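Below is one structure; the comments refer to it alone.
Number of protein chains: 2
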Amino acid sequence: MVYVLGIDGGGTKTVCLLIDETGNILSRGQAGSSNYQTGGIDSAKNAIETAINQAISIFLDHKNYNNILIQGLGIGLAGVGRKEDFNVIQNLVEQVKTNSNLSINWELTTNSTVIKSDSMIALVGGLGHQVGIVAIAGTGSQIFGQNSQGKTKRVGGWGYLLGDEGSGYYIAISGLKAALKSHDGRLGSTQLISAFKHHLNLDNLESLIEVVYRRGWTVSQIANLAKIVDEVARKGDEIANQIINTAIEELVFATKIAIDSLFEPNESVEIVTIGGVFQGMNNFRLKFIESLNQIAPTARLILPRYEPAYGAGILALNALGYFPVNTGLDETQTDPSTNLLN
Amino acid sequence: MVYVLGIDGGGTKTVCLLIDETGNILSRGQAGSSNYQTGGIDSAKNAIETAINQAISIFLDHKNYNNILIQGLGIGLAGVGRKEDFNVIQNLVEQVKTNSNLSINWELTTNSTVIKSDSMIALVGGLGHQVGIVAIAGTGSQIFGQNSQGKTKRVGGWGYLLGDEGSGYYIAISGLKAALKSHDGRLGSTQLISAFKHHLNLDNLESLIEVVYRRGWTVSQIANLAKIVDEVARKGDEIANQIINTAIEELVFATKIAIDSLFEPNESVEIVTIGGVFQGMNNFRLKFIESLNQIAPTARLILPRYEPAYGAGILALNALGYFPVNTGLDETQTDPSTNLLN
């Protein structure tokens with residue numbers, strides 16, 4: 001048996017999967033945020049070790065083993081595209097390997113320690129293979145793709161201040177701006193005003209300043225207001241609908257740019273959609289598909305086959321020479337949760 | 001002699017002017033930020049007392065007096081439109097009045113203690129009287145006006161996340177977004193990319209993420225990048241020019257809304273422009289005037305007659321029944337500095 005760990009070091013949670021060489025997920029651990037850029041490197045290291053420890057302990061208890069040999073480790077984190085950050089994470093992984101509390105015998109080579117961006121593991125996990133595009137729209141947004149030559153392309157993903165067009169934050173802020181412009185008399189009337197006032201329990205719209213600036217709302221708290229824009233749009237409000245449609249068009253356009261820069265015209269491309277905006281919002285994904293297929297008819301939209309941590313594990317297995325599952329043509333496993341903890 | 005204090009409690013500096021009933025400025029004091037929302041109430045109180053103490057000391061030393069009777073106090077601060085904030089400032093003023101180190105005998109009534117928004121004192125100082133419009137475009141932006149019936153109207157000024165269209169921050173962020181979209185392939189080529197890289201000393205545009213998010217840049221540090229967009233526009237770059245023109249149109253439109261909601265059609269309106277975007281940027285103010293006069297031909301643009309602290313002092317004098325200077329029809333005093341410390 002060959003065992004690898006696949007780790008998704010995210011901003012809200014850290015997931016670790018223990019996977020064997022046939023691609024079976026043997027156990028799963030989860031901990032808090034491992035965003036070292038906001039929370040610091042020690043806190044990230046703790047979260048990663050906690051997730052690993054949980055996954056390993058479940059397996060060892062179940063098998064009545066004392067320890068386990070790990071031959072591959074895949075990990076994905078935001079920001080590792082920069083060399084400085086890559087070095088930070090490499091150093092962090094070295095520290096984790098020396099932690100004697102983990103009941104692990106490590107047998108990792110440089111080759112079998114795979115450190116990648118969060119978008120790369122989302123791509124590989126979402127597709128179940130390495131070639132195609134992932135369209136992410138949650139709090140932030142990003143389009144990321146890779147072709148069969150290993151060339152990658154990122155579009156967007158510049159964060160809430162500099163971009164993230166089409167994201168939850170983008171939709172929420174566009175809705176708030178539209179409500180305030182309407183309040184000023186710079187835009188026609190919209191139900192967004194009453195909807196925000198009601199949802200945030202505000203006497204008047206001026207108090208938005210209090211809410212957004214002084215209460216120290218996080219980017220994801222603001223992004224959560226996207227659902228208000230969606231609700232108002234669903235009731236037929238024209239301004240809210242324009243915001244939703246603009247968000248869709250931004251994502252469609254960004255996806256088209258990624259397709260064109262990686263794939264031949266008429267080449268079939270799988271595109272996996274990930275994130276709360278695609279999942280939670282009324283017809284958003286459907287409209288995205290319709291609009292994208294008008295300009296990219298060979299794009300084939302799928303739901304995530306696995307979670308990003310599985311993508312990290314797959315990358316580690318591939319590095320060891322194992323190509324266990326899913327060439328990308330099997331859509332039977334659309335719900336990643338069904339394959340966990342078996 | 002009747003003496004009043006006019007205080008401008010700003011986010012970068014606090015200014016206090018000592019003014020007599022004829023409108024003469026007798027002395028001037030200056031201290032650091034009195035933005036209590038970011039720096040806390042104690043720090044704001046210190047800044048205000050320091051500015052007052054400086055203004056008073058200069059005057060007392062010059063006259064060889066031991067103390068002075070102050071009968072009016074005007075103060076303008078951001079955010080006092082909200083009742084809670086108004087109460088906070090009123091309380092702060094009460095504390096200042098009990099400070100025995102200030103060599104002041106206070107003789108203030110509720111009526112002669114005038115607490116107003118920063119935009120109101122900018123309006124009155126900028127115009128030298130109370131009726132007209134102030135168009136502010138610095139780090140942030142706001143249009144604020146008052147008519148002869150005392151009705152006021154604010155347009156914009158919702159802060160960097162929720163609005164401030166046409167501000168330095170707006171121009172800078174629009175420039176950064178355009179550079180990144182161009183980098184992604186979502187927008188045509190623009191000199192903004194090389195200009196930002198050169199100015200910020202970046203090897204690649206990806207490092208903008210490091211600069212904007214991780215170095216903890218303030219809003220005004222980001223807003224300072226507006227000058228890069230302006231420089232690139234001046235060299236003929238189409239995308240940079242579009243950003244500048246959109247900023248101008250946003251300010252023109254907001255000003256038009258304020259004019260229409262306060263004044264009769266064809267009524268002559270004075271509009272004072274304030275802030276670094278109007279002052280520092282190439283032809284910005286000229287283009288603003290041209291564009292505004294196309295839709296509001298009776299709008300008459302002026303440069304600030306006095307600084308905001310003088311506006312605060314004027315309001316205190318008016319409250320005491322003194323209407324010393326400047327009905328708003330005299331444009332001879334366009335440089336406020338010439339009238340200081342005489």
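So the protein lines, in turn, are chains A and B.
UniProt numbering applies: residue 1 is where the first sequence begins, and numbers increase by one.
UniProt numbering applies: residue 1 is where the second sequence begins, and numbers increase by one.
For glycine and all other residues, C-beta sits at the position ideal for the given N, C-alpha and C.
None of the values given here were measured: they were computed from a predicted structure.
Distance CB(residue i)-CB(residue j) smaller than 8 Å
i	j	result
leucine 114 of chain B	glycine 74 of chain B	In the sequence as presented, leucine is not what sits at residue 114 of chain B; that position holds valine. The answer is yes: Cβ separation under 8 Å.
isoleucine 193 of chain A	alanine 179 of chain A	yes
isoleucine 239 of chain A	glycine 166 of chain A	no
arginine 186 of chain A	valine 155 of chain B	yes
alanine 78 of chain A	glycine 11 of chain A	yes
phenylalanine 263 of chain A	asparagine 147 of chain A	yes
alanine 247 of chain B	tyrosine 170 of chain B	yes
glycine 76 of chain B	proline 308 of chain B	yes
serine 33 of chain B	alanine 47 of chain B	yes
leucine 102 of chain B	glycine 175 of chain B	no
glycine 126 of chain A	arginine 305 of chain A	yes
alanine 258 of chain A	isoleucine 136 of chain A	no
threonine 134 of chain A	isoleucine 274 of chain A	The sequence as given places valine at residue 134 of chain A; threonine does not occur at that position. Result yes, Cβ atoms of valine 134 of chain A and isoleucine 274 of chain A sit closer than 8 Å.
leucine 205 of chain B	histidine 183 of chain B	yes
Rounded straight-line distance, which links the Cα of residue j to that of residue i
i	j	result
lysine 45 of chain A	isoleucine 19 of chain A	21 Å
cysteine 16 of chain A	aspartate 8 of chain A	7 Å
leucine 340 of chain A	leucine 26 of chain A	In this predicted model, leucine 340 of chain A has a pLDDT of only 30, less than 50, meaning its place in the structure is not dependable; the value taken from the coordinates is given anyway. C-alpha separation (whole angstroms): 8 Å.
leucine 161 of chain B	leucine 123 of chain A	31 Å
glutamate 94 of chain A	glycine 140 of chain B	46 Å
glycine 276 of chain B	glutamine 242 of chain B	19 Å
leucine 329 of chain A	glutamate 21 of chain A	Residue placement at leucine 329 of chain A is flagged as unreliable, the pLDDT there being 30, under the threshold of 50; the coordinate-derived value follows with that caveat. Computed Cα separation, rounded: 20 Å.
isoleucine 228 of chain B	valine 252 of chain B	22 Å
aspartate 203 of chain B	isoleucine 121 of chain A	26 Å
leucine 301 of chain A	glycine 159 of chain A	25 Å
leucine 92 of chain B	alanine 195 of chain A	36 Å
threonine 255 of chain B	serine 261 of chain B	10 Å
serine 119 of chain A	asparagine 35 of chain A	14 Å
glutamine 130 of chain A	valine 232 of chain A	38 Å
isoleucine 289 of chain B	lysine 151 of chain B	24 Å
aspartate 230 of chain A	glutamate 250 of chain B	26 Å
asparagine 111 of chain B	glycine 72 of chain B	9 Å
Below-8 Å beta-carbon distance, residue i vs any chain A residue
i	result
tryptophan 106 of chain B	no
lysine 116 of chain B	no
isoleucine 48 of chain B	no
alanine 254 of chain B	yes
leucine 162 of chain B	yes
serine 261 of chain B	yes
valine 80 of chain B	no
isoleucine 89 of chain B	no
glycine 276 of chain B	no
8 Å Cβ cutoff, residue i in contact with chain B
i	result
serine 182 of chain A	no
glutamate 206 of chain A	yes
arginine 215 of chain A	no
alanine 172 of chain A	no
serine 268 of chain A	no
glycine 9 of chain A	no
alanine 299 of chain A	no
phenylalanine 288 of chain A	no
isoleucine 209 of chain A	yes
lysine 177 of chain A	yes
glutamine 221 of chain A	no
arginine 234 of chain A	no
valine 229 of chain A	no
valine 155 of chain A	yes
glutamine 294 of chain A	no
valine 212 of chain A	yes
isoleucine 257 of chain A	yes
arginine 305 of chain A	no
Which residues DSSP lists as bridging residue i, in chain order
i	result
aspartate 8 of chain B	B:Val15 and B:Gly76
serine 27 of chain A	A:Leu18
valine 88 of chain A	According to DSSP, valine 88 of chain A bridges with nothing at all.
glutamate 270 of chain A	A:Arg300
leucine 69 of chain B	B:Asn105
tyrosine 3 of chain B	B:Asp20
Residue i: CB within 7 Å of a non-hydrogen atom of the ligand GTP
i	result
glutamine 37 of chain A	The model depicted lacks the ligand GTP and carries no ligand whatsoever.
Cβ of residue i within 8 Å of any chain C Cβ
i	result
glutamine 37 of chain A	In the displayed structure, chain C is absent; the protein chains listed are A and B.
*If you scan the stretch 103-178 of chain A from start to end, which runs of the alpha helix (DSSP H) of 4 or more residues do you find wholly inside it?*
Whole alpha helix (DSSP H) segments, 4+ residues: 118-127 and 159-162.
*Please list the segments of the alpha helix (DSSP H) lying wholly inside the stretch 217-254 of chain A, counting only runs of 4 or more residues, in order along the chain.*
If only complete runs of 4 or more residues are kept, the stretch 217-254 of chain A shows the alpha helix (DSSP H) at 219-223 and 226-234, in order along the chain.
*Run through the stretch 274-316 of chain B for me and flag every whole alpha helix (DSSP H) of 4 or more residues, listed as ranges in chain order.*
Whole alpha helix (DSSP H) segments, 4+ residues: 276-280 and 284-295.
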